[in-house]
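J.:
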Amino acid sequence: MTAIALPGRTRTSTTTTLLTCGILAGPVFVGTGLLQGLTRPGFDFTRHPASVLANGTLGWIQITNFLVTGLLTLAAAAGTRRVLPGRWGPRLLAVYGVSLMAAGVFRADPQDGFPLGTPAGPPSSVSWHGMLHFACGGLGFAALVAACFAIGSQLSPTRAWYSRISGLLFLVGFAGVASGSTSPVVTLGFWAAVGITFAWLAVTSVHLMPRGESR
Numbered sequence: 057m058t059a060i061a062l063p064g065r066t067r068t069s070t071t072t073t074l075l076t077c078g079i080l081a082g083p084v085f086v087g088t089g090l091l092q093g094l095t096r097p098g099f100d101f102t103r104h105p106a107s108v109l110a111n112g113t114l115g116w117i118q119i120t121n122f123l124v125t126g127l128l129t130l131a132a133a134a135g136t137r138r139v140l141p142g143r144w145g146p147r148l149l150a151v152y153g154v155s156l157m158a159a160g161v162f163r164a165d166p167q168d169g170f171p172l173g174t175p176a177g178p179p180s181s182v183s184w185h186g187m188l189h190f191a192c193g194g195l196g197f198a199a200l201v202a203a204c205f206a207i208g209s210q211l212s213p214t215r216a217w218y219s220r221i222s223g224l225l226f227l228v229g230f231a232g233v234a235s236g237s238t239s240p241v242v243t244l245g246f247w248a249a250v251g252i253t254f255a256w257l258a259v260t261s262v263h264l265m266p267r268g269e270s271r
């Protein structure tokens with residue numbers, strides 16, 4: 057006799073799968089970036105953002121990293137949409153997911169000695185894809201900060217403050233690199249800000265996981 061899946065259980069299972077993507081997005085992106093940074097000649101965490109890893113013969117790894125993480129974030133946004141009553145939070149998170157994918161399509165320019173053979177300092181001129189990379193990144197980062205506030209407003213006071221603080225810390229980290237500063241503190245601060253917001257996405261996804269009967 058063939059078992060018939062109950063609609064409620066199917067919905068719960070789908071929501072859980074989508075939110076699991078939100079848990080995986082951070083480890084995939086940060087882990088892949090750290091592994092590359094530790095193994096690719098010329099890369100320096102105190103001088104280079106993850107975006108420049110998209111250059112060179114192994115650049116396809118970081119491009120794939122952007123695309124996969126973007127898809128995972130989009131899935132997390134869909135899962136969040138199924139659980140929370142508000143609409144803006146999931147939509148803003150989806151914009152961030154799309155921006156990650158766009159960052160993979162529009163490659164950042166080589167800079168400051170990476171890949172090996174690149175002149176020191178910022179690029180002498182910015183390519184069209186470098187401009188689009190920065191523009192998509194700026195839009196996506198703004199959406200991520202707004203998503204932290206919008207989703208946080210749907211949660212308990214403690215979790216709401218956690219969401220807001222995560223968003224603000226990311227905003228500070230992005231403002232530092234957007235200013236053009238090449239200070240190691242600024243560059244490492246942005247790496248930390250990326251980790252903080254992906255941790256927020258993972259923690260929030262766990263919190264929103266359906267438990268027991270469908271939600």
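FYI, this note's numbering numbers position 167 of the sequence shown as 223, with every residue one higher than the one before it. Every residue, glycine too, gets a C-beta built ideally from N, C-alpha and C.
(1) Would you mind sorting Met187 into buried or exposed? The rule is 16 or more other CB atoms within 10 Å of its CB.
(2) In chain order, what residues of the same chain lie with their CB nearer than 6 angstroms to the CB of Gly229, ignoring the 5 residues before and after it?
(3) Span of the alpha helix (DSSP H) holding Gly113?
(4) Should Thr129 and Leu148 be called a contact, given that it needs their Cβ atoms to be closer than 8 angstroms?
(5) Spatial neighbours of Ile117 within its chain, please: C-beta separation below 8 angstroms, excluding the five flanking residues on both sides.
(6) Which one of His263, Pro213, Pro83 and Pro178 has the shortest CA to CA distance from Val233?
(7) Assign Phe101 to one of three DSSP states: helix, strand, or coil.
(8) Residues in the same chain with beta-carbon distance under 7 angstroms from His185, minus the five sequence neighbours each way, listed in chain order, please.
(9) Would you mind giving the Cβ-Cβ distance between Thr136 and Gly145, rounded to the nearest angstrom? I have them listed as a contact below 8 angstroms.
(10) Does the stretch 215-229 come into contact with the stretch 254-261, if we say contact requires no fewer than three beta-carbon pairs (one atom in each stretch) closer than 8 angstroms?
T.: Judging by the given coordinates:
(1) exposed
(2) Gly245, Phe246 and Ala249
(3) Strictly speaking, residue 113 in this sequence is Thr, with Gly absent from that position. Note, Thr113: premise wrong, no alpha helix (DSSP H); not H, not E.
(4) no
(5) Thr88, Gln92 and Leu109
(6) Pro178
(7) coil
(8) Phe162 and Arg163
(9) 6 angstroms
(10) yes
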